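Report on one structure; see the data block that follows.
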Amino acid sequence: MPNDAHTAPDASEDATRFPPAEGNSAQPADPEGDPIVIVRGGCKATTGYPELGARWRGDDAHAPNEPADPLEPADPLDPLDPLVAHATLDVSVFSARAQRIEVHLFDVPRGAHEKLHVALDEDPATHIWSTEIPRAVLEKAGLTGTLYYGFRAWGPNFIYRPAWTKGSTIGFVSHVDDEGNRFNPNKLLLDPFALEISHDPGGANDIDGRIYLSGDHDFAKDSGLDAPKGVVVERDLLPCAKKPTRPLRDEIIYEVHLRGFTRADPSSTEAACRGTFRAAGRRAAYLRTLGVTAIELLPIHEAENDQNDVETGAGGDNYWGYSTLAYFAPDRRFACDRSPGGPTREFQQMVAAFHAQGIKVYLDVVYNHTAEGAASSRGQQARVLSWRGLDNASYYTLGEAAWSYQNNNGVGPNLNTRSAAVERLILDSLAYAHHILGVDGFRFDLAAVLGNRCARGCFEFDATPPDGLLKKIVHALPVRAPEGGPGVDLIAEPWGSGPGTYQLGNFPWGWAEWNGVARDTWRRDLNRLGLEDVTPRDLAMRWQGSPDLFSNDGRRPWHSVNYIAAHDGFTLNDLFAFDTKQNDQPWPRGPSGGGDDYNLSSSHGGDRRAQVHAARTALALVLFSAGVPMIGGGDEFLRTQFGNNNPFNVDSEATWLDFGLIETNSDFFVFAQHALHLRQAHAAFRPDFFWLNADGNGNGIPMWSLYTDQGLVADDAYLNNPFHHFIGYRLDGTELGDSARALYVAYNGWDQSLSVALPPVAPGLGYDVLLDSARPRLTAPTEIQEQGRLTIEPRSLVLLEETEVRRSL
537 MPNDAHTAPD ASEDATRFPP AEGNSAQPAD PEGDPIVIVR GGCKATTGYP ELGARWRGDD
597 AHAPNEPADP LEPADPLDPL DPLVAHATLD VSVFSARAQR IEVHLFDVPR GAHEKLHVAL
657 DEDPATHIWS TEIPRAVLEK AGLTGTLYYG FRAWGPNFIY RPAWTKGSTI GFVSHVDDEG
717 NRFNPNKLLL DPFALEISHD PGGANDIDGR IYLSGDHDFA KDSGLDAPKG VVVERDLLPC
777 AKKPTRPLRD EIIYEVHLRG FTRADPSSTE AACRGTFRAA GRRAAYLRTL GVTAIELLPI
837 HEAENDQNDV ETGAGGDNYW GYSTLAYFAP DRRFACDRSP GGPTREFQQM VAAFHAQGIK
897 VYLDVVYNHT AEGAASSRGQ QARVLSWRGL DNASYYTLGE AAWSYQNNNG VGPNLNTRSA
957 AVERLILDSL AYAHHILGVD GFRFDLAAVL GNRCARGCFE FDATPPDGLL KKIVHALPVR
1017 APEGGPGVDL IAEPWGSGPG TYQLGNFPWG WAEWNGVARD TWRRDLNRLG LEDVTPRDLA
1077 MRWQGSPDLF SNDGRRPWHS VNYIAAHDGF TLNDLFAFDT KQNDQPWPRG PSGGGDDYNL
1137 SSSHGGDRRA QVHAARTALA LVLFSAGVPM IGGGDEFLRT QFGNNNPFNV DSEATWLDFG
1197 LIETNSDFFV FAQHALHLRQ AHAAFRPDFF WLNADGNGNG IPMWSLYTDQ GLVADDAYLN
1257 NPFHHFIGYR LDGTELGDSA RALYVAYNGW DQSLSVALPP VAPGLGYDVL LDSARPRLTA
1317 PTEIQEQGRL TIEPRSLVLL EETEVRRSL
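Residue numbers for the sequence shown follow my numbering, beginning at 537 and rising by one.
This is how it looks when you write it as structure tokens:
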């Protein structure tokens, strides 16, 4: 391919580097893989469905018809199919403090009273409340189609009285009592284990949000007519397909918002389906050709985002989705097929499409707080949607006062991860996503909250207890082995809000972590030259995979997830185009509250060429470091959010990916794609263990060595001097399973070009340039003109391969 070519490589040419997942719908998975069985042309996981919630019993043998196109919706199951005609509806929910719980069943999601309500019985040993409802009973009540349901609960602060009616105060004692109870039977409660939900609590549904509130003015308002309800979803079975089983060290992660990924995608022929699971699945081949191996989706669990469609503007919108309504339910707004069961099927089909291209699917999950939010008026007024009305003290970590909460997430009360109920909710949610929905890994938002071992009113992170939630997650799913195979990949955002919550490097074995130290080191070096000190040793430590953070407990370089830009903060383009955040812009670019102004960003004096050059160098720093690289969706073509570094509430063309930028910024796209493929082509950058400055195979070359601009091995004095702005490292490919004899990464962080001496090589050998961040269209190996020396442009990174000299110099 010519050096200036920008045509994307044909997918078939990359088959050896990016093999699609093995297996097909006619074969079960490997016996060592996830346990599945074949049932009438579909797959049924032997584990993964939660025991709690509302589930049909007796339909396990049913599978949907397989569509010809895996991204077309499957035929929904007929709830009166003869195979399930005698099924029983099992309903169960947890509460350790309730005195009475009823399930209310509806034939429509809104605007009508229940057709049937049944009291549940408590098992005092487990505090599981349950009942069984034969289909005949449901049919007699007129419930012959899709079932919608919710709970009403009574407890010590609102005692059950037979005379109680909806909207009455009979039995009321207090809004919240000394034990933290917040029961209120006037609020219909969403099942924490609902597999789908009918609609959002407000937003486009024109619902008065005060019906969900406690407090003197609103606690007697009944929410049953309008409250979101769980949907009883049939257990649809999709064709079997093997999941990718690569080790985590081989991944390149692409973080993107599900809706924003394709909402403005011109390649989508179904305009109504842009921004959906279906449209995302149709972009799988693009990601594979780009060089991505895993897609990490911002939260796709149900969140309140219907409001985004009500009117133009950011006020009250929730674009990112970091306030979860239901931890099992794919968001209906992200589905083209929004019929009951449609979002679940469509999500599974999307996962299958990514797997067919060999791409893993990771979910960003939010188990630190919920959509119910904080309490006000000294705790008297609070939103009661689900968990709070079922068992407030079990589901949330209370503050020192029973009406208050511990908040280490900045949004609302912490989920009580010391509670067996919350542990079960989280573990079952993860298992369902993995075994039933097909997900390959998870990124845990503000994961430090999951390690809080303080019972009440404080925060004490401790990852060491074997019975702690962090270790239970590792063993329960389980985490994928270092060499790959079945299981899941686990990634922590290792901080929270408040003292003691920054825990980078402190998670247990099995957990990878977002490496904020690497991010900030690279940002300082690229954007703070002469203002903040960065030593060659600082850079070398991050290149090596941050052994200072991850080696002391036996973890490895791939437990470091390396990035320079993510959804939190500036895009890659904006990091080098703006000095400060621009969050107060009018719609459609804002306004957005919050956002840190310590971004370590720089506009580079408004010089567009310098900005783009810096972005190329930044991407190269990330990709040619040991660890797992992550890029933001659209960063491959320099998407912008116009300086807004916190657009959590901006659901507009300002945050949707503009694929037209592939042509506009074609030089950058060519460079990014080439760099991604080089990362995949060279195993030396994906080591299982930390690189060592030692000769492990007796060829006289250390596995990893650092060099000065004079071609000498760097000593401590050089490495510790912040006035040295050049550093290079050499890898012995023969020790690292690489096709190259050796690779050399040379970085000039200074604002002037440097003529550097290259590390010496044996007679007849020299260097080819594989990549130069100053030359974006250099995509083929290029022999250097003067073997032994190389001129590196300012603020540039060059990757070289040791090879035979092909001509006389």
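Quick reminder that beta carbons are idealized off the backbone N, C-alpha and C, glycines included.
These figures come from a predicted structure and were not determined experimentally.
Is the distance from the Cβ of residue i to the Cβ of residue j below 9 Å?
i     : j     : result
H1149 : A910  : no
L940  : G751  : Just to set this straight, residue 940 is Ser in the shown sequence, not Leu. In this structure, G751 does not lie closer than 9 Å to S940 by Cβ.
H1095 : V1024 : no
F1160 : L982  : no
D801  : L1193 : yes
Q1147 : F1173 : no
G830  : E882  : Residue identity check: residue 830 is Ala in the sequence provided, not Gly. Cβ atoms of A830 and E882: not closer than 9 Å.
R1325 : W1286 : no
G987  : G1004 : yes
I695  : G678  : no
H640  : G686  : yes
L1290 : D1251 : no
S922  : P728  : yes
R1016 : P783  : yes
N1063 : K1117 : no
R1059 : S1137 : yes
T1176 : T1107 : yes
L926  : F630  : yes
L625  : R646  : no
L588  : I664  : yes
N950  : S930  : no
D1187 : R819  : no
R591  : V767  : no
M886  : F997  : no
Can you say whether residue i is buried or exposed, counting buried as having 16 or more other CB atoms within 10 angstroms of its CB?
i     : result
N1088 : exposed
V573  : Legend: pLDDT at V573 = 23, less than 50; position of this residue unreliable, value from coordinates given subsequently. V573 comes out exposed.
W1079 : buried
S955  : buried
H711  : buried
P1014 : exposed
F995  : buried
L1248 : exposed
K676  : exposed
E732  : buried
V644  : exposed
E806  : exposed
Per DSSP, residue i forms a beta bridge with which residues?
i     : result
A1282 : G1264 and V1334
N1098 : P1165
N988  : F997
L726  : L726 is not bridged to any residue.
I664  : F630 and D659
Q489  : Residue numbering for the chain in the displayed model covers 537 to 1345; residue 489 lies beyond these limits and cannot be assessed.
W690  : R636
S1319 : Contrary to the premise, residue 1319 reads as Glu rather than Ser in this sequence. D1304, per the DSSP bridge assignment.
CB-CB under 6 Å to residue i, same chain, minus the five flanking residues each way: which ones, in chain order?
i     : result
R992  : L934
W1047 : L1026 and A1028
P1072 : L1255, H1260 and I1263
E832  : I789, E791, Y898 and R979
H905  : N945, V947 and G948
G1273 : A1219
In its own chain, which residues sit with a C-beta less than 7 Å from the C-beta of residue i, not counting the 5 before and 5 after it?
i     : result
K702  : N722, D758 and G760
D714  : A938
Y1038 : W1031
N928  : G716, N717 and R718
A862  : L726, A730, I733, H837 and E838
F1207 : R1152 and P1312
Short of 8 Å in beta carbon distance, which residues of its chain neighbour residue i, apart from the five on each side in sequence? Order them along the chain.
i     : result
R1342 : E1319
A699  : I706
Minimum length 3: unbroken beta strand (DSSP E) runs contained in the region 1217–1242: Listed in chain order, nothing qualifies, since the region 1217–1242 has no complete beta strand (DSSP E) run of 3 or more residues.
Beta strand (DSSP E) runs contained entirely in the region 782–861, provided each spans 3 or more residues: Counting whole runs of 3 or more residues, the region 782–861 contains the beta strand (DSSP E) stretches 789–792, 830–833 and 837–839.
Every unbroken beta strand (DSSP E) within the region 1022–1078, with a cutoff of 3 residues, ordered by chain: Segments of the beta strand (DSSP E) lying fully in the region 1022–1078: 1025–1028 and 1047–1050.
Secondary structure, beta strand (DSSP E): runs of 3+ residues fully inside the region 1110–1188: If we require 3 residues or more, the beta strand (DSSP E) runs fully inside the region 1110–1188 come out as 1164–1168.
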